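Sequential numbering of the sequence shown, starting at 0, is according to my numbering.
Cβ atoms here follow ideal geometry from the backbone N, Cα and C, with glycine treated the same way.
Everything numeric in this text was worked out from a predicted model, so none of it was measured.
Here is the structure we will look at, set down as structure tokens.
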Amino acid sequence: MTTTSAVLFPIPTSHILSGFTTCPTLSLPHVAHVALSDKALGVHKVSSRFTHNVVVPPHADADHSSAWEALFAAGSIAPGNKDLPPGGFGLYMRGPSAFKDELAKAGDDAQEVLMSYEVLFEDGFEWQKGGKLPGLYGGVGEFSYGCTGGRNTDRCQCFNLRLMWREGGLGELYAYVPQNDANTVALKAVPRSHQNPDYGFSVGRGLWTFEAGEWFAVAERVKMNDVGQANGEIEIYINGASVIFAKGLVLRDPEAPGSSVQGLHVQTFFGGHTAEWASPKEQKAWFTNISGAVLSTTFSAHDEL
0 MTTTSAVLFP IPTSHILSGF TTCPTLSLPH VAHVALSDKA LGVHKVSSRF
50 THNVVVPPHA DADHSSAWEA LFAAGSIAPG NKDLPPGGFG LYMRGPSAFK
100 DELAKAGDDA QEVLMSYEVL FEDGFEWQKG GKLPGLYGGV GEFSYGCTGG
150 RNTDRCQCFN LRLMWREGGL GELYAYVPQN DANTVALKAV PRSHQNPDYG
200 FSVGRGLWTF EAGEWFAVAE RVKMNDVGQA NGEIEIYING ASVIFAKGLV
250 LRDPEAPGSS VQGLHVQTFF GGHTAEWASP KEQKAWFTNI SGAVLSTTFS
300 AHDEL
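Have a look at this one:
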């Protein structure tokens, strides 16, 4: 196994039913190569004020030959703020058609999905108070979109599992999940976690630290629970190492038994919603090697450790 495959697919690869990657050098069974393009990746619901141009990033090499570029304008903040400059970008992606079809088929069972990417913050990146990074999203149909920003309606029908950087590059999972006691207990059980007043959970803050000028591989594994059971899981891997593992979750609420993983919410911006979160200068980040896999339902990462 190459280093790149180990960090993008940090699970036993024999359990991959169907997968894809934009990494040009990666070769694994059942993992298809696709272009880093909106059409190939099933991109939709693109935030209109922002760009995600494909460029040659800094520190380019055979594994990192092209990337989506995020431009954070000086003073930019959350995309919903129309009074300050736009910064970052936002889109949803379902993956290529074969992966999307496998997701839909797996959604009828105890679905288990892994999606990953690599991110590079420019040299000298100033973190300010923090900002958002891509993560898995899901739910029931259109309810799966917009499960963020303090939304408190239809929360049993959606989840959003983006990451964040905080001051000094501290990393965390910023989770919006169905509001129930099982999820509160499970997420608070992860070290350095707390529930925020906008209904999101800061999970595992500081269990890893992003460094400017270096590629970081982020992988997120989600196992949907069986309806009526609290046996769902969320796991975050950084550069191939498991840093967050939450179990005993109810992501598929009994009131929304059709809830499933829909894809990756590729969103990045500074914020928070107030000016003290704004980017202190114009700066950039790059995202590449977008990858995903639907896993065998017999797979349990921690049973094999």
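Kindly indicate the opening and closing residues of the alpha helix (DSSP H) around residue i.
i    : result
E31  : Note that residue 31 is Ala in the sequence shown here, rather than Glu. Element bounds for A31: not the alpha helix (DSSP H) but the beta strand (DSSP E), 30-32.
A255 : A255 -> no alpha helix (DSSP H), and no H or E assigned at all.
N182 : 180-187
L40  : 37-40
Let's test the definition: count the other Cβ atoms within 10 Å of the Cβ of residue i and tell me whether it reaches 16, buried, or not, exposed.
i    : result
T3   : buried
T267 : buried
A66  : buried
H58  : exposed
R48  : exposed
P279 : exposed
K131 : buried
S26  : exposed
H193 : exposed
V293 : buried
S96  : exposed
R161 : buried
T50  : exposed
S252 : The displayed chain sequence assigns Asp, not Ser, to residue 252. D252 comes out buried.
V55  : exposed
E275 : exposed
Per DSSP, which one or two residues make a beta bridge with residue i?
i    : result
K131 : M163, F268
Q282 : F71
Y144 : For Y144, which the question treats as bridged, DSSP gives no partner whatsoever.
S115 : A218, S290
L248 : G231
S295 : Answer is none; S295 lacks a bridge partner.
C157 : G138
I10  : Answer is none; I10 lacks a bridge partner.
A240 : I237
S4   : Beta-bridge pairing links S4 to no other residue.
Need the endpoints of the beta strand (DSSP E) that residue i sits in, please.
i    : result
T20  : 15-20
R220 : 214-222
E232 : 231-237
A59  : First-last for A59: undefined, no H or E at that position.
E171 : 170-175
V139 : That residue, V139, is in no beta strand (DSSP E); it is neither H nor E in DSSP.
V350 : Residue 350 lies beyond the range of the chain shown here (0 to 304); nothing can be said about it.
(message) What ranges does the alpha helix (DSSP H) occupy inside the region 64-108, keeping only unbroken runs of at least 4 residues that lie completely in it?
(response) 96-105
(message) Does the region 14-25 come into contact with the region 118-131, if we say contact requires no fewer than three beta-carbon pairs (one atom in each stretch) closer than 8 Å?
(response) no
(message) Using 8 Å as the cut-off, can you tell me whether the region 110-119 makes contact with the region 212-232, which would need three or more C-beta pairs spanning the two stretches below that distance?
(response) These segments touch.
(message) I'd like to know if the region 231-243 and the region 141-151 are in contact, where contact means that at least 3 CB-CB pairs between them fall below 8 Å.
(response) Cβ pair count under 8 Å is below three, so no.
(message) Check whether the region 248-258 and the region 180-189 are in contact - that is, three or more C-beta pairs closer than 8 Å.
(response) yes
(request) Evaluate the contact criterion for the region 189-204 versus the region 83-102: three or more CB pairs, one atom per stretch, below 8 Å. (result) no
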